[in-house]
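Note sheet for the following structure.
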């Protein structure tokens, strides 16, 4: 069962991470629900979630945004989006989801996360099958980032 | 010079942690998954292990259990994005000496390493 109220842990963790690690102030756009199949950004970090909530969380952005965020995290210019930059962006997804999992546990949903997977390319279509995705649009000075939360909550509290 | 084993699947995080430790006078060896961490622990005999939890091949909790089963004195500090209470308890029960949640303050990590090296 989808629970829009459980989006707050993701919002709070994203705000906190982007401000602390990237010194980026964040403006949130209008939340929206999308069907499972959608075209993603050029760089996507996917984290699998299992436990009392199950599904996937995807962090989607342009390569330009990914480079800008990786540059801020690494502290050095990232002219080419290579291994270290990929790792930094994947770790951003890992940390934001990990922090959100603390909030989910406080709401009664104990979850485990998979290691992040990076999916790159133009026009990539990612389907979350039968789980609708809640889109959290975030505008930052480093670029636009979308968090797609496609979770099924198994144990309503 | 104390030797620290940094086990994390994220190259970015290994680089950042290794740079911090090296700049503060520690020798660093690295592992990119739990299985490699267990192997390198017995090859390198580090003073302290900094162990991520979510890693491929063998996760950090299982690696911690394997280390402690073979060496009950192994000093392992978990450094992870998974800071849920249930995860902290599981790690402590498995023998972790400390638990640091990412993103960490450099001082917090250095303090934990120093403390374990002194014990």
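Protein chains in written order, with this note's numbering: chain A, 196 to 352; chain B, 886 to 1004.
A virtual CB, placed ideally from N, CA and C, is assigned to each residue, including glycine.
Exercise for the section: Compare the C-beta of residue 309/A with all C-beta atoms of chain B and state if any pair is closer than 9 Å. Expected result: As a position in the first chain, residue 309/A is number 114, starting the count at 1. Yes - at least one Cβ of chain B is within 9 Å of the one on residue 309/A.
Practice task
Output the boundary residues of the alpha helix (DSSP H) element that contains residue 903/B.
Solution key: Position 18 of the second chain, counting from 1, holds the residue named residue 903/B. That run of the alpha helix (DSSP H) goes 896 to 908.
Practice task
Would you list, in sequence order, the uninterrupted beta strand (DSSP E) runs of no fewer than 3 residues that lie entirely inside the stretch 229 to 255 of chain A?
Solution key: 232 to 234 and 238 to 246
Handout entry: Nearest neighbour of residue 987/B, chosen from 256/A, 292/A, 275/A and 301/A [CA to CA]
Key = Here residue 987/B corresponds to residue number 102 of the second chain, with the count starting at 1. The candidate whose alpha carbon is nearest that of residue 987/B is 292/A.
Problem - 9 Å Cβ cut-off: residues of chain B touching residue 250/A - result: For the purposes of this step, residue 250/A is taken as residue 55 along the first chain, with counting starting at 1. The contacting residues do not exist; residue 250/A stays about 16 Å from chain B at best.
Exercise for the section: Just the chain A side, please: which residues come within less than 7 Å of residue 970/B by C-beta, in chain order? Expected result: Along the second chain, one-based indexing puts residue 970/B at 85. Here the neighbours are 300.
Exercise for the section: Identify whether residue 217/A lies in helix, strand or coil by the three-state DSSP scheme. Expected result: Translated into the one-based positions of the first chain, residue 217/A becomes position 22. Three-state result, residue 217/A: helix.
Exercise for the section: Note down, in chain order, each residue of its chain lying with its Cβ closer than 8 Å to the Cβ of residue 333/A, except the 5 sequence neighbours on either side. Expected result: Taking the first residue of the first chain as position 1, residue 333/A is located at position 138. The answer, listed in chain order, is 209, 213, 221, 222, 223, 224, 339, 340, 341 and 342.
Practice task
Using three-state DSSP, classify residue 935/B as helix, strand or coil.
Solution key: Residue mapping note: residue 935/B aligns to position 50 of the second chain, counting from 1. Note: residue 935/B maps to strand in three-state DSSP.
Practice task
Would you kindly check if the distance between the Cβ of residue 968/B and the Cβ of residue 296/A is under 9 Å?
Solution key: Here residue 296/A refers to the residue found at position 101 when the first chain is read from its first residue. Here residue 968/B refers to the residue found at position 83 when the second chain is read from its first residue. Their beta carbons are under 9 Å apart, which means residue 296/A touches residue 968/B by this criterion.
Problem - Coarse secondary structure for residue 995/B, derived from DSSP in three states - result: Mapped onto the second chain, residue 995/B falls at position 110. Helix.
Exercise for the section: Classify residue 977/B as buried or exposed, calling it buried when 16 or more other Cβ atoms lie within 10 Å of its own Cβ. Expected result: In the second chain, counting from the first residue as 1, residue 977/B sits at position 92. Answer is exposed; the Cβ neighbour count stays below 16.
Exercise for the section: Mind checking who residue 343/A pairs with in its DSSP beta bridge? Expected result: For this step, residue 343/A is matched to residue 148 along the first chain. Paired residues: 253/A and 330/A.
Practice task
With residue 963/B as the anchor, note down where its alpha helix (DSSP H) starts and where it stops.
Solution key: In the second chain, counting from the first residue as 1, residue 963/B sits at position 78. Here residue 963/B belongs to no alpha helix (DSSP H); instead the beta strand (DSSP E) covers 961 to 965.
Problem - Simplified DSSP state of residue 971/B, which is helix, strand or coil - result: Taking the first residue of the second chain as 1, we reach residue 971/B at position 86. Residue state, collapsed to three classes: helix.
Handout entry: C-alpha gap between residue 308/A and residue 910/B, whole angstroms
Key = Locating residue 308/A in the first chain gives position 113, counting from the first residue. Locating residue 910/B in the second chain gives position 25, counting from the first residue. In a straight line, the C-alpha of residue 308/A is about 34 Å away from that of residue 910/B.
Practice task
Pull up the DSSP beta-bridge partners for residue 983/B, would you.
Solution key: Mapped onto the second chain, residue 983/B falls at position 98. Beta-bridge pairing links residue 983/B to 962/B.
Exercise for the section: Assign residue 224/A to one of three DSSP states: helix, strand, or coil. Expected result: Your numbering for residue 224/A matches position 29 in the first chain. Looking at residue 224/A - three-state DSSP - the assignment turns out to be coil, as it is neither helix nor strand.
Practice task
Taking C-beta pairs closer than 8 Å, name the residues in chain A that residue 898/B reaches, listed in chain order.
Solution key: Residue numbering aside, residue 898/B sits at position 13 when the second chain is read from its first letter. In chain order: 282 and 286.
Problem - Nearest residue (CA-CA) to residue 315/A, options 271/A, 203/A and 281/A - result: Mapped onto the first chain, residue 315/A falls at position 120. Among 271/A, 203/A and 281/A, the Cα nearest to that of residue 315/A is on 281/A.
Problem - residue 285/A, enclosing alpha helix (DSSP H) - first and last residue - result: Residue mapping note: residue 285/A aligns to position 90 of the first chain, counting from 1. Here the alpha helix (DSSP H) through residue 285/A covers 278 to 301.
Handout entry: Beta-carbon spacing of residue 950/B, residue 933/B below 9 Å
Key = Taking the second chain and counting its residues from 1, one reaches residue 950/B at position 65. Taking the second chain and counting its residues from 1, one reaches residue 933/B at position 48. No, these two residues do not count as a Cβ contact at 9 Å.
Practice task
Kindly identify the DSSP beta-bridge partner or partners of residue 308/A.
Solution key: Stepping through the first chain from its first residue, residue 308/A is reached at position 113. DSSP, once it has assigned bridges, lists 244/A as partnering residue 308/A.
Exercise for the section: Within the same chain, show all residues whose beta-carbon is closer than 7 Å to that of residue 290/A, passing over the 5 residues directly before and after it, in chain order. Expected result: In the first chain, counting from the first residue as 1, residue 290/A sits at position 95. Result list for residue 290/A: 212, in chain order.
Practice task
State the start and end residues of the unbroken beta strand (DSSP E) segment that holds residue 916/B.
Solution key: Walking along the second chain from the start, residue 916/B turns up at place 31. First-last of the beta strand (DSSP E) with residue 916/B: 912 to 916.
Practice task
Could you list which residues in chain B have their beta carbon closer than 8 Å to that of residue 327/A, in chain order?
Solution key: Translated into the one-based positions of the first chain, residue 327/A becomes position 132. Here the premise fails: no neighbours, minimum Cβ distance about 25 Å.
Practice task
Could you check what DSSP says for residue 211/A in three-state terms: helix, strand or coil?
Solution key: Position 16 of the first chain, counted from the start, is the residue given in the question as residue 211/A. Note: residue 211/A maps to helix in three-state DSSP.
Handout entry: C-alpha distance - residue 991/B paired with residue 218/A, whole-angstrom precision
Key = Along the second chain, one-based indexing puts residue 991/B at 106. Along the first chain, one-based indexing puts residue 218/A at 23. The alpha-carbon atoms of residue 991/B and residue 218/A are separated by roughly 16 Å.
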